[in-house]
Amino acid sequence: MPEELKARELRLVLGDQLNVGHPWYSQCDHQVVYVLMEVRQETDYAWHHVQKVLGFFGAMRRFARQLREKGHRVLYLTLDDPRNTQEIPRNLRWLLEGSGAER
């Protein structure tokens with residue numbers, strides 16, 4: 007895990023939780039890293055039209071960009087990121103171990 011992603015807390019944001027009005031985002035805390043990830047686990051459990059998947063990932067990427075623009079720390083794992091295990095629990099495991107986060 008790169009040093010710049012060391013944090014006290016990781017906060018997982020799922021694709022159906024892209025609400026910029028959530029209290030989490032009201033102020034920046036540089037000890038918090040927001041984690042968004044594109045994973046095959048979410049695309050393969052049922053058949054989805056490719057446009058739906060692209061729209062979903064596009065919305066997630068835009069949301070991550072908005073958080074960064076507001077000064078929040080964000081880790082966004084793309085589908086083709088070599089670190090991406092394609093499963094949320096496994097990704098969280100290595101992220102927690104590598105970040106030093108308490109939760």
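Taking the numbering used here, the leading residue of the sequence shown gets 7, the next gets one more, and so forth. Even glycine gets a Cβ: it sits at the ideal position worked out from N, Cα and C.
Taking the alpha helix (DSSP H) that residue i belongs to, which residues open and close that run?
i	result
E75	V56 to E75
E15	Element bounds for E15: not the alpha helix (DSSP H) but the beta strand (DSSP E), E15 to L18.
R96	I94 to S105
How big is the Cα-Cα spacing for residue i and residue j?
i	j	result
G27	F69	12 Å
W36	G104	Looking at the sequence shown, residue 36 is not Trp but His. Cα to Cα, H36 sits roughly 17 Å from G104.
G106	A13	6 Å
D86	Q92	9 Å
F63	R96	20 Å
G61	E108	33 Å
Do residue j and residue i count as a contact pair if the criterion is CB distance below 7 Å?
i	j	result
L16	V39	yes
L101	M66	no
L11	L81	yes
N90	L98	no
The beta strand (DSSP E) that contains residue i, what's its start and end?
i	result
V45	Element bounds for V45: n/a, residue is neither H nor E.
Y82	R79 to L83
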